[in-house]
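Oh and the sequence shown: position 49 is 564 in this note's numbering, straight run, nothing missing.
Note that the Cβ used here is the ideal one computed from N, Cα and C, for glycine as well.
Please read these numbers as outputs of a predicted model, since none were measured by experiment.
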Amino acid sequence: MDEILDGLTQIDCDILVIGGGTAGPMAALKAKRKNPEANVVLLDKANVKRSGAISMGMDGLNNSVIPGYATPEQYTKEITIANDGICDQAAVYRYAQECYGIIQELDSFGIRFQKDQNGEYDVKKVHHIGTYVLPMPNGDTVKKALYRQLRKARINIINRFMATRLLTGEGRVAGAICVNTRSAEFLVVRAKAVIMGLGAAGRLGLPTSGYLYGTYENASNSGEGYAMAYHAGAGLANLECYQINPLIKDYNGPACAYVAGPMGGYTANASGERFIECDYWSGQMMQEFYDELQGGKGPVYLKLNHLAEETISEIERVLHIVERPTRGHFHEGRGTDYRKQMIEMHISEIGFCSGHSASGVFVDEHARTTIPGLYAAGDMANVPHNYMLGAFTNGAFAGLDAADFVANVDFAAFDKGEVDAERARVMAPTKRDDGVPPNQIEYKTRRLVNDYLQPPKVTAKMELAQQRFEEVRDDMQHGMYVRDAHELMRALEASTILDCAEMAAAASMYRTESRWGLYHNRVEYERDDENWFCHTMLTKGEDGKPAHEKQDVKPYIVEIAEDEKDAYYKQRVGATSSVAAE
């Protein structure tokens, strides 16, 4: 099984969508519906039917902007404040304007959302300012319903092919090079436009359990989208703004503020005291979590044992069936019961994920990257705090714009030598008789990430990380070996993880200030709006190393008053904020 074969095939399509999780399928659907004559191909390294971060479902929409509960202006203000002002609002505002239509479309797919006794969407408040959380009682059906739509639209689906590099030519995207994860045969896809929906870099840091795949994020999301965009020359924004989450210790799943919070659960210290008023995930919230631990008041817990039996039963029904069915088994094995004791939490490993922070491939409000014809959406694009609904909505934007783009262009010519060079790079580990297996390369990289990049960030430690990453790259390029096609896929993931680790270190070194709470807490520097109120853009330099530049934040669509800007830094119990839910 998984024998390595020799083969190369080329196909042509109008639009290639890479990533079959959330953003990718919606992009493919929208492109095909807008131009039924277009040849749209959806490619995934696993199987689109059960791939991506929503493979087991989702318990709710974290950021629904529903008329009567929130306005686009309010939501845009909230996300701008949560992101310390570093936000090009056009993309956020367009999302806020159009996500309600996507909710209605998902509803028509058979994905049900919680409604009140009057038949209206039952939206809950979790965020610091507004009300945006919409529970999904049958959220385990999301992927099934989405797949039915793909089949109905006759989208061409290619499973078990992993994209490894993008092709460019004539100043725009030209396609992608892919390898079969079961046979190692190559596929070159020539495309007029490429949409990437490859998810977060979820295997960047190493969980405290030590398990390579025991991550908070879907473990199959190893950051290929970030790495491919980087090597193609696209700009990546604010990679120093890590994703760090408050998770159930040892299980590494979410404490689920979005489920437990609206029902009366909250984050508490070892004395059972609530110390933050808002459990919405943000860098500032994580800084408060960290400070509580450092102040000797930890561990920190999820407190539910003060709630009524019927409330706890409902929380269990959602948390133990939808999204992460293993959670109930974990608590049973651990001997923890929401009714009897608080549940210990901890601080997660780091990752890249715009769904919970703001680090990603730079895109505008149409999901266009800095390379013409190349689009990005979902957790790998830099639209901040966009979650699952953001992936659906921005994926839709990408598909619609790509359908227009391909109507006016032909295939771009590319250098065939790029294909030969990529085949040689990918297959190099198969040519060795012995060496270092990819799981050891991955483990070492991720352990170094934990040792030297986990915030608070220290310059000397990050410099050591960069030195050690170079050593790992030398081991990878000259000593890594694989025995079959499956291990080859793991080797390619290990290469991607190392790329992301190097970018994380370089971006963090470049921004010489602290911002976004714990996400980019550089202990030697204070926040510096005079010099660093900007995006940091990372590209691949001529020397093959990360290059950096500052990019201005575009003028706001929704103004933020001076006394509102620091609202997310006033979350500790007893602090006051002047921001009103408009």
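Reducing DSSP to helix, strand and coil, say where Asp529 ends up. Looking at Asp529 - three-state DSSP - the assignment turns out to be strand.
Under 8 Å Cβ to Cβ from Asp935, same chain only, skipping five residues before and after it: list those, please. Excluding sequence neighbours, Asp935 sits near nothing in its chain.
Starting from Glu859, follow its DSSP beta bridges and name the residues at the other end. Paired residue(s): Tyr816.
Spatial neighbours of Asp599 within its chain, please: C-beta separation below 6 Å, excluding the five flanking residues on both sides. Taken in chain order, the residues that qualify are Arg1030, Trp1031.
Cut-off 7 Å between Cβ atoms - residues of its own chain near Pro953, not counting five sequence neighbours on either side: If we look at Pro953 and ignore the five residues flanking it on each side, its Cβ neighbours are Met995, Val997, Glu1002, Arg1005, Ala1006, Ala1009.
Can you round the beta-carbon distance between Pro899 and Ala927 to whole angstroms, since I take them to be within the 8 Å contact cut? Rounded, the Cβ-Cβ distance is 31 Å, inconsistent with contact.
Quick one: Cα of Gly712 to Cα of Glu739, how far? Between Gly712 and Glu739, the C-alpha separation is close to 10 Å.
Bounding residues of the beta strand (DSSP E) (the contiguous stretch that carries Arg687): 687–695 is the extent of the beta strand (DSSP E) around Arg687.
To the nearest angstrom, how far is it from the Cα of Glu859 to the Cα of Gln809? Straight-line Cα distance between these residues: approximately 16 Å.
What are the start and end residues of the alpha helix (DSSP H) that includes His1001? From DSSP, the alpha helix (DSSP H) with His1001 extends over 1000–1025.
Just tell me which of Tyr1084, Val1088, Asp916 has its CA closest to the CA of Gly798. For Gly798, the nearest C-alpha among the options comes from Tyr1084.
With 16 other CB atoms within 10 Å as the buried threshold, where does Gly522 fall? Gly522 is exposed by the Cβ-count criterion.
Are the beta-carbon atoms of Gly690 and Val709 separated by less than 8 Å? Yes.
Please report the Cβ distance between Gly729 and Arg839, rounded to the nearest whole angstrom; I am assuming they are in contact, meaning their Cβ atoms lie under 8 Å. By a beta-carbon distance limit of 8 Å, Gly729 does not contact Arg839. Their separation comes to about 12 Å.
Please state the DSSP three-state secondary structure of Gly866. DSSP places Gly866 in strand when its eight states are reduced to three.
Since I believe Ala611 is in contact with Thr591 (beta carbons under 8 Å), could you give me their beta-carbon distance rounded to a whole number of angstroms? So it is a contact: roughly 6 Å between Cβ atoms.
Is it buried or exposed, Tyr726, if we count other Cβ atoms within 10 angstroms and call 16 or more buried? Tyr726 sits exposed, since fewer than 16 C-beta atoms from the chains shown fall within 10 Å of its C-beta.
In or out: Arg947 buried (at least 16 other Cβ within 10 Å) or exposed? A residue is called buried once 16 or more other Cβ atoms fall within 10 Å of its Cβ, and Arg947, having fewer, is exposed.
Need the endpoints of the beta strand (DSSP E) that Gly684 sits in, please. Where Gly684 is concerned, the enclosing beta strand (DSSP E) stretches over 676–684.
In chain order, what residues of the same chain have a beta carbon less than 6 Å from the beta carbon of Lys972, not counting five sequence neighbours either side? Excluding sequence neighbours, Lys972 sits near Ser1023, Arg1037.
Leaving out the 5 sequence neighbours to the left and right, which residues in its chain are closer than 7 Å to Gln569 when beta-carbon positions are compared? At residue 569 the sequence reads Ile, which differs from the Gln that was named. Taking Ile569 as the centre and dropping the five residues before and after it, the same chain places the C-beta of Gly536, Thr537, Val657, Lys658, Met903 closer than 7 Å to its C-beta, in chain order.
Under the rule that 16 or more other beta-carbon atoms within 10 Å means buried, what is Asp1078, buried or exposed? By the beta-carbon neighbour count (other beta carbons within 10 angstroms, threshold 16), Asp1078 is exposed.
Tell me where the beta strand (DSSP E) around Thr1054 begins and ends. For Thr1054, the uninterrupted beta strand (DSSP E) run begins and ends at 1049–1055, by DSSP.
What residues match up with His752 in a beta bridge as DSSP calls it? First, the residue type needs correcting, since residue 752 is Ala and not His in the sequence shown. Partner(s): Gly875, Met1052.
Can you tell me whether DSSP reads Lys667 as helix, strand or coil? Helix, per DSSP.
Of the residues Thr1027, Ile763, Phe907, Glu985, the one placed nearest Leu621, counting alpha carbons only: Closest option to Leu621, judged by alpha-carbon separation, among Thr1027, Ile763, Phe907, Glu985: Phe907.
Are the region 781–791 and the region 631–639 touching by the rule of at least three beta carbon pairs closer than 8 Å? Contact fails: fewer than three Cβ-Cβ distances are below 8 Å.
Name the one or two DSSP bridge partners that Ala708 has. According to DSSP, Ala708 bridges with Ile530.
Taking its Cβ as the centre, do 16 or more other Cβ atoms sit within 10 Å of Ser1093, making it buried, or is it exposed? Low confidence applies to Ser1093: its pLDDT is 48, below 50, so where it sits in the model is not reliable, and the reading given next is rough at best. When all chains shown are included, Ser1093 counts as exposed.
If you run the structure through DSSP and keep just helix, strand and coil, what is Tyr795? DSSP places Tyr795 in coil when its eight states are reduced to three.
For Val921, which of helix, strand or coil comes out of DSSP? Here Val921 sits in helix by DSSP.
Comparing C-alpha positions only, which one of Thr841, Gln1086, Ala1019, Thr646 sits nearest to Ile763? Out of Thr841, Gln1086, Ala1019, Thr646, Thr841 has the C-alpha closest to the C-alpha of Ile763.
Run of the beta strand (DSSP E) containing Ala891, from where it starts to where it stops: Residues 889–891.
Is the number of C-beta pairs between the region 978–993 and the region 953–969 that are closer than 8 Å three or more? Taking a cut-off of 8 Å for Cβ pairs, the region 978–993 and the region 953–969 touch, as three or more such pairs fall below it.
Delimiting residues of the alpha helix (DSSP H) encompassing Thr595: Looking at the DSSP string, the run of the alpha helix (DSSP H) that includes Thr595 is 587–597.
List the whole-angstrom C-beta distance separating Tyr615 from Val580, where the pair is believed to meet the contact cut-off of C-beta under 8 Å. The pair is a contact, with the Cβ atoms about 6 Å apart (cut-off 8 Å).
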